[in-house]
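Below: the structure, in structure tokens.
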Amino acid sequence: MSSPQRPCPQAALLTPLGPAGVTVLQVIGAGALDCVGSILRDAKNRTVNLADKSNRIIRGYIIDPADQQRIDEVLVHAQHLAKPNCELVDICCHGGVRPGQKIMEALALAGAHPVGAKDLPGAGFAGLIDRSSCGIVGEVLDHVCHARTDLVVRILLEQLEGGLTAGLNRLLSEDLSAEQLLQVINHLLTTWTWGKRLTTPATIAVTGPTNAGKSSLANLLSGQRGSIVTSQPGTTRDWVSHHVSLEGLPIVLIDTAGHREPADALEAEAIARAVEQSRHADVQLFVIDGTSRQAQFPDIAGQIPTVLAVNKADLDAWSLDAVPPELAKHICIRTSAVTGLGRAELTLALLKALGCENLSQTGPVVFTKRQQNRLQRAAHALQVPSERSLATARNALSECLYGDGI
Ligand SMILES: Nc1nc2c(ncn2[C@@H]2O[C@H](COP(=O)(O)OP(=O)(O)OP(=O)(O)O)[C@@H](O)[C@H]2O)c(=O)[nH]1
Ligand SMILES: [Mg+2]
5 MSSPQRPCPQ AALLTPLGPA GVTVLQVIGA GALDCVGSIL RDAKNRTVNL
55 ADKSNRIIRG YIIDPADQQR IDEVLVHAQH LAKPNCELVD ICCHGGVRPG
105 QKIMEALALA GAHPVGAKDL PGAGFAGLID RSSCGIVGEV LDHVCHARTD
155 LVVRILLEQL EGGLTAGLNR LLSEDLSAEQ LLQVINHLLT TWTWGKRLTT
205 PATIAVTGPT NAGKSSLANL LSGQRGSIVT SQPGTTRDWV SHHVSLEGLP
255 IVLIDTAGHR EPADALEAEA IARAVEQSRH ADVQLFVIDG TSRQAQFPDI
305 AGQIPTVLAV NKADLDAWSL DAVPPELAKH ICIRTSAVTG LGRAELTLAL
355 LKALGCENLS QTGPVVFTKR QQNRLQRAAH ALQVPSERSL ATARNALSEC
405 LYGDGI
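Just so you know, my numbering puts 243 at position 239 of the sequence shown, and the rest follows in order with no gaps.
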């Protein structure tokens, strides 16, 4: 008869290896407490039974199971979560490369399965948050870790006690009719247009004829010299992405190769990639050289919203009245990547094209697909009002607020 298999928890580094004060590791799953306990020693070199020490911070030493030598001094926090078989151990060791690496090796020898932080079950803020089961609180903390701008952090934190949390609490505590409830839910759902951009940055592809100043404008918007700029047409080949903050909204700006008759196979490929990028972007910033009389305008009428920049406005560039009618249907802005002229208008036009011109720093905002889904479910139930649909809607609102594990 085969012996019962030992449970195999998963272990991951939650912080990158490198010069730093601390490195944080996490072990999660059935057997996590035993696994870490087997390589943990106290100051007198005694083994530590973590099952007895749940929810306390233990100072000790991780030893190498191969030779029983101390690897590093650590702080360990063990928990038995409410879910079945969910044991969780956080280990803080010294920062740098080797302590974290060596402890991961020791954990593997002790029976843990090494994975990437993102692959941990319920990975989230310091690994403690399971997004779906902790509701809005978990989602806020999870996304705050990845936020690239102060505005995003501010809006997300507002949702913790005020914002969406307060809004849903009110909806659940007040005795509203189905019609009133539906009205508020539909209003909440409108915030998803820009709320989704807080947690998944929008992409803007910078496209247009070669030498129009695409890379110069991309650099101006990003405030960095990320793209190479030269007077030679065909400078940008592989597209270059820049992380940009437009009025606090995080954006991925993709600078692409200019359109023209390709000189060789390499340029043809670069142009094909530019077209591909513009197809998948949320918005296209189409840049033309306002001083060029023979600029080519490929079909930019595609599916995605487009903002047109008539660039080099510091030189003898076209006025907006001279923009050909087929282009004038887009929002058109005169810009100069050299003097910065038109930068503020361009920023606003791009935000408008993304549906993000009216970001609100206070009040509720729907910022995850899960929240949107639960609110849609509630709205759907309320289409045909009845006692039952009201109960279904309340349940969906409750899930939106507290998570699915309730
Ligand atoms: N005067 C003036 N020159 C500009 C402006 N924008 C770009 N340039 C110049 O135009 C030339 C081409 O600029 P780039 O930014 O490399 O143009 P691009 O559209 O990225 O070019 P490709 O990558 O080759 O398609 C450079 O010499 C820039 O300095 C502008 O607003 N005013
Ligand atoms: Mg370029």
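C-beta atoms are modelled at their ideal positions from N, C-alpha and C, and glycine is treated no differently. Just so it is clear, the structure is predicted and the values come from calculations on it, not from any experiment.
In this model, Ala151 and Ala285 are separated by some 20 Å (Cα to Cα).
DSSP places Asp259 in the strand class (E or B) of the three-state scheme. Asp94 is the residue among Asp94, Thr27 and Asp46 whose C-alpha sits nearest the C-alpha of Ala36. Nearest to Ala353 by alpha-carbon distance, out of His147, Ser245, Cys336 and Ser364, is Cys336. According to the DSSP assignment, Gly171 belongs to the alpha helix (DSSP H) that extends over Gly167 to Ser177. Excluding sequence positions up to five before and after Ile189, its CB lies within less than 6 Å of the CB of Leu379, Ala382 and Ala383, all in the same chain and listed in chain order. The shortest CA-to-CA distance from Gly99 to any of Asp325, Leu363, Thr260 and Thr19 is the one to Thr19. Residue side-chain check: Gly230 keeps its Cβ at 7 Å or more from all non-hydrogen atoms of ligand 1. A distance below 8 Å separates the beta carbons of Ala397 and Leu386. Between Ile66 and Ile107, the C-beta spacing is below 8 Å. For the beta strand (DSSP E) assignment, the uninterrupted runs of no fewer than 3 residues enclosed by the stretch 76 to 108 are, from N- to C-terminal side, 91 to 100. Judged by DSSP in its simplified three-state form, Cys149 adopts helix. Around the beta carbon of Ile258, 16 or more other beta carbons sit within 10 angstroms, so the residue counts as buried. In the three-state DSSP reduction, Leu113 falls in the helix class (H, G or I).
Counting along the chain, the unbroken beta strand (DSSP E) around Gly25 starts and ends at Gly22 to Ile32. Shown here, Val188 sits in a helix according to DSSP, grouped into three states. Here Cys360 is not near Arg158, since their CB atoms are 8 Å or more apart. Pairing Val26 with Gly41 gives a Cβ-Cβ distance that is not under 8 Å. With fewer than 16 other Cβ atoms from the protein chains shown falling within 10 Å of its own Cβ, Ala47 counts as exposed.
For Cys360, DSSP assigns no beta-bridge partner whatsoever. A direct Cα-Cα distance of roughly 6 Å separates Gly115 from Cys39. Per DSSP, reduced to three states, the secondary structure at Cys12 is coil, with no helix or strand assignment. Counting only the Cα atoms, Val148 lies some 11 Å from Leu164.
Taking C-beta separations shorter than 6 Å and ignoring five residues to either side along the sequence, Val141 has no partners in its chain. Going by DSSP, Asp293 is part of no alpha helix (DSSP H) but of the beta strand (DSSP E) stretching over Val287 to Asp293. In this structure, Thr211 has its beta carbon at no less than 7 Å from each heavy atom of ligand 2. Take the alpha-carbon of Leu172 and the one of Ile62: they are about 39 Å apart.
The beta-carbon distance between Ala206 and Leu358, rounded to whole angstroms, is 5 Å. This is short enough to meet the 8 Å contact definition.
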